[in-house]
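One structure is given here, and the rest of the page talks about it.
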Amino acid sequence: MKDLHSFGWYASRITPHLSKDFFKPVPARLWGGFAYLLVVVAGLLAIGLFDLHIIINIVIAGVLGASYAAMGFLGHEILHGTVVKTAWLRNFLGAVAFWPLSTGPRLWRKWHNMNHHVHTQHDEKDPDAWPNHEKWIQNSLLRTIYRLPFGVRAFFSFLSLSVQFSMHGLKMFIEYIKDFNPKNRPAVLLQTVLPWATWIGIMFWMGPVKWLFAFLFPLLIANFIVMSYISTNHRLNPLTPVNDPLANSLTVTVPKWVDVLHFNFSYHTEHHLFPSMSPKYYPIIKQHIKKMWPERYHEMKMSNAMKALWNTPRIYYKDNELIDPHKKNTFGTLGNGLDGAKQPDPEVMKKTV
Ligand SMILES: [Zn+2]
Ligand SMILES: [Zn+2]
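Using the UniProt record's numbering, read the sequence shown as starting at 1 and increasing by one per residue.
Pasting the structure below:
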C-alpha cells in the first residue's frame, strides 16, 4: 500500500488555493429542502384525502421515496453544519430533513460525524465498515450466509439495500445509547421515537393500505437510493490503518441532474476531506485533488460501482482484498487491483489463495 495520509494532510494542501467563502455556511441550500417538503406534504395529502387509482398511488409512492432520500442527503449536510451554524437550528432542520428516515440528529452526529468520519474504514472503530476474515470466522451467521451460492447472496444483499439504512440506524441506536450522558439519553430516545410515532399516527389517519403508498413503499425506495450511495462510498475500498480518504473513499459519478437532485452527495472523497464545507463546492475540490494526486484518486461511474459491488463478497482479507471465504477466492479493492476507470470483470478480479 502507498504511504497513507490523514484527511487533514490533504485538506491543508488544498486550502491555500481556496477562497475563504468556501468555508462559510450556505443557507440557500434550504430552498431545495423546502421544495422537497412541499412535494412530500402534497403527496401525503393526495394519498390521504382522495381515493386515487392504484397506478397514481404507485407513481406518488415513487416520488415520495425519491424525496425522502433527497431530504436525507440534505439532512446529512445540515448536520455537518454546512447550511446553518446555530446549533439548535442546525439540529432542528436536520431532524426535519431526516424525519422520513426516522434518524435523530444527536444519534446521527455521534454515529456519522464523530465515528464514521473520524475512523473511516478502520476495522474496529468505523461503525459502517464491513467485517474482516477474522470476524467472519467468529460469526456463525456470517459463515452460514457465505455458504449460499454467490448469485443468491448477491441478489439478497442488493435486496437488503432497501431496508439497510433503517436497520443499521436501529443498530446504531442500540449500540450508542449507552455512550450518551444519562441526562441526554431521553432526548436521543425522543428524537428516534417521535418520527416513528408520526408515521404510525399517519397510518391511523389514512388506513393501512394507503399508508403502504405514503410511507412503507417510499421508505424502501429511499433506503435503496441512500444505500446505493453509502454502499459504494467505501465498500470497494480497502480497510486502512490511517484514515486516508483518497485510499478509503470512492467518488461515484452520476448525471448532472442527479447531482442537483441529490445535493452533490456523489462527491464522497471530497466530503471526507472537507466535511464542514458545503457540497456546493465539491466539484471544484475534485479538480484540485485530480491535479495534485491523480494517481491516488478513485472515481467510478455509479453503474460500474454497483456492478463491482454485485460481483464481490463483503468480507475483508488482509485489509486490501475481499474474500469469498469458503471458496478462498480473493478480489482486489480500489487501488489494489480494482480499477475504477475500467469495467469490472469478475473473472479478472478473482484470485485463489
Ligand atoms: Zn463516508
Ligand atoms: Zn458526512
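For every residue, glycine included, the Cβ atom is placed at its ideal position computed from N, Cα and C.
The structure displayed is predicted, hence computed values, not measured ones.
Is it buried or exposed, residue 51, if we count other Cβ atoms within 10 angstroms and call 16 or more buried? Locating residue 51 in the sequence shown gives position 51, counting from the first residue. So residue 51 ends up on the exposed side.
Considering just the uninterrupted stretch of the beta strand (DSSP E) at residue 329, what are its terminal residues? Your numbering for residue 329 matches position 329 in the sequence shown. It spans 329 to 332 - the beta strand (DSSP E) in which residue 329 sits, taken as one unbroken run.
Residue 113: CB within 8 Å of a non-hydrogen atom of ligand 2: Here residue 113 is taken as the residue at index 113 of the sequence shown, counted from 1. Correct: residue 113 has its Cβ closer than 8 Å to ligand 2.
Would a C-beta distance cut-off of 9 Å place residue 243 and residue 120 closer than the cut-off? In the sequence shown, the residue the question calls residue 243 occupies position 243. In the sequence shown, the residue the question calls residue 120 occupies position 120. In contact: residue 243 and residue 120 (Cβ atoms closer than 9 Å).
Output the boundary residues of the alpha helix (DSSP H) element that contains residue 192. Position 192 of the sequence shown, counted from the first residue, corresponds to residue 192. Going by DSSP, residue 192 is part of the alpha helix (DSSP H) stretching over 185 to 206.
Residues bridged to residue 321 [DSSP beta-bridge criterion]: Counted from its first residue, the sequence shown places residue 321 at position 321. Under DSSP, the beta-bridge partners assigned to residue 321 are 317 and 332.
Do the stretch 62 to 76 and the stretch 25 to 42 touch if we need at least three Cβ pairs shorter than 8 Å? The stretch 62 to 76 vs the stretch 25 to 42: in contact.
Among 188, 261, 316 and 324, whose alpha-carbon lies nearest the alpha-carbon of residue 239? In the sequence shown, residue 239 corresponds to position 239, counting from 1. For residue 239, the closest C-alpha among the options 188, 261, 316 and 324 is that of 316.
When you compare the CB positions of residue 65 and residue 220, do they come within less than 9 Å of one another, or not? By 1-based counting over the sequence shown, the position of residue 65 is 65. By 1-based counting over the sequence shown, the position of residue 220 is 220. Yes, Cβ-Cβ distance for residue 65 and residue 220 is below 9 Å.
By the 10 Å Cβ neighbour count, where 16 or more other Cβ atoms means buried, how is residue 155 classified, buried or exposed? For the purposes of this step, residue 155 is taken as the residue at position 155 of the sequence shown. So residue 155 counts as exposed.
Inter-residue spacing [alpha-carbon to alpha-carbon] between residue 225 and residue 63: Locating residue 225 in the sequence shown gives position 225, counting from the first residue. Locating residue 63 in the sequence shown gives position 63, counting from the first residue. In this structure, the alpha-carbon of residue 225 lies about 12 Å from that of residue 63.
Is it true that the CB of residue 308 sits closer than 9 Å to the CB of residue 212? For the purposes of this step, residue 212 is taken as residue 212 along the sequence shown, with counting starting at 1. For the purposes of this step, residue 308 is taken as residue 308 along the sequence shown, with counting starting at 1. With contacts defined by Cβ atoms closer than 9 Å, residue 212 and residue 308 do not form a contacting pair.
Would you say residue 273 and residue 334 are within 9 Å of each other, going by their C-beta atoms? Taking the sequence shown and counting its residues from 1, one reaches residue 273 at position 273. Taking the sequence shown and counting its residues from 1, one reaches residue 334 at position 334. Taking 9 Å as the cut-off, the Cβ atoms of residue 273 and residue 334 do not count as close.
According to the neighbour-count rule (16 or more other Cβ atoms, all chains shown, within 10 Å of its Cβ), is residue 287 buried or exposed? Translated into positions along the sequence shown, residue 287 becomes position 287. Answer is exposed; the Cβ neighbour count stays below 16.
Are at least three pairs of beta-carbons, each pair with one atom in the stretch 243 to 260 and one in the stretch 120 to 137, less than 8 Å apart? Yes, they touch.
Which residues mark the beginning and the end of the beta strand (DSSP E) in which residue 300 is found? Counted from its first residue, the sequence shown places residue 300 at position 300. Counted as a single uninterrupted DSSP element, the beta strand (DSSP E) harbouring residue 300 occupies residues 299 to 301.
Under 9 Å between C-beta atoms of residue 133 and residue 318: By 1-based counting over the sequence shown, the position of residue 133 is 133. By 1-based counting over the sequence shown, the position of residue 318 is 318. Less than 9 Å separates the beta-carbon of residue 133 from that of residue 318.
Cα separation between residue 295 and residue 289? Locating residue 295 in the sequence shown gives position 295, where the first residue counts as 1. Locating residue 289 in the sequence shown gives position 289, where the first residue counts as 1. A direct Cα-Cα distance of roughly 10 Å separates residue 295 from residue 289.
Would you mind working out which of 129, 186, 102 and 103 sits nearest residue 115, comparing C-alpha positions? Position 115 of the sequence shown holds residue 115. With distances taken between Cα atoms, residue 115 lies closest to 129.
Once the 5 residues before and after residue 229 are set aside, which same chain residues still bring their CB inside 6 Å of it? Within the sequence shown, the letter at position 229 stands for residue 229. Cβ neighbours of residue 229 beyond the five flanking positions: 265.
As a quick exercise: from 281, 291 and 306, pick the residue whose alpha carbon is nearest that of residue 20. The residue you call residue 20 lines up with position 20 of the sequence shown. Nearest of 281, 291 and 306 to residue 20, Cα basis: 281.
Measuring alpha carbon to alpha carbon, tell me which residue in 167, 205, 214 and 25 is nearest residue 275. On the sequence shown, residue 275 is found 275 positions in, with the first residue counted as 1. Comparing Cα positions, the closest option is 25.
With three or more C-beta pairs closer than 8 Å as the rule, is the stretch 183 to 201 touching the stretch 96 to 112? As far as the Cβ criterion goes, the stretch 96 to 112 touches the stretch 183 to 201, which means the pair count is three or higher.
Might you give, ordered along the chain, the residues of its own chain that have their beta carbon closer than 6 Å to the beta carbon of residue 76, omitting 5 neighbours on each side? The residue given as residue 76 occupies position 76 in the sequence shown. The answer is none, since no qualifying residue turns up.
Rounded distance between the beta-carbons of residue 113 and residue 79, thought under 8 Å: On the sequence shown, position 79 is the one that residue 79 refers to. On the sequence shown, position 113 is the one that residue 113 refers to. Between residue 113 and residue 79 the Cβ distance is about 7 Å, and since that is below 8 Å, they are a contact.
Contacting residues, own chain, Cβ-Cβ under 8 Å from residue 40 (five flanking each side not counted): For the purposes of this step, residue 40 is taken as residue 40 along the sequence shown, with counting starting at 1. Result list for residue 40: 64, 67, 68, 71 and 100, in chain order.
My assumption, with CB atoms under 8 Å, is that residue 248 sits in contact with residue 234. Please give the rounded CB distance. For the purposes of this step, residue 248 is taken as residue 248 along the sequence shown, with counting starting at 1. For the purposes of this step, residue 234 is taken as residue 234 along the sequence shown, with counting starting at 1. At roughly 6 Å, the Cβ-Cβ gap stays under 8 Å, so residue 248 and residue 234 are in contact.
Determine the contact status of residue 157 and residue 223, defining contact as a CB-CB distance below 9 Å. Counting from 1 along the sequence shown, the entry for residue 157 is found at position 157. Counting from 1 along the sequence shown, the entry for residue 223 is found at position 223. Going by C-beta atoms, residue 157 is not nearer than 9 Å to residue 223.
Take the Cβ of residue 43 as the centre, count every other Cβ of all protein chains shown within 10 Å, and call the residue buried at 16 or more, exposed below. The residue you call residue 43 lines up with position 43 of the sequence shown. With 16 or more other CB atoms across the displayed protein chains lying within 10 angstroms of its CB, residue 43 is buried.
Paired residues, beta bridge with residue 26 - DSSP: Position 26 of the sequence shown, counted from the start, is the residue given in the question as residue 26. Looking at the DSSP assignment, residue 26 forms no beta bridge with any residue, so it has no partner.
From the DSSP output, read off the bridge partner residues of residue 251. Within the sequence shown, the letter at position 251 stands for residue 251. Beta-bridge pairing links residue 251 to 299.
Helix, strand or coil at residue 304 [DSSP, three-state]: As a position in the sequence shown, residue 304 is number 304, starting the count at 1. The answer is helix: DSSP assigns residue 304 an H, G or I state.
Selection from 278, 324, 185 and 300 that minimises the alpha carbon distance to residue 29: Here residue 29 refers to the residue found at position 29 when the sequence shown is read from its first residue. Distances from the CA of residue 29 to each of 278, 324, 185 and 300 were compared; the closest alpha carbon is that of 278.
Write down the C-beta distance between residue 102 and residue 205 rounded to the nearest angstrom, noting that I regard them as a contact closer than 8 Å. One-based indexing of the sequence shown puts residue 102 at position 102. One-based indexing of the sequence shown puts residue 205 at position 205. Not confirmed; about 18 Å, so no contact.
What residue range is occupied by the uninterrupted alpha helix (DSSP H) comprising residue 131? One-based indexing of the sequence shown puts residue 131 at position 131. It is not in any alpha helix (DSSP H) - residue 131 carries neither H nor E in the DSSP assignment.
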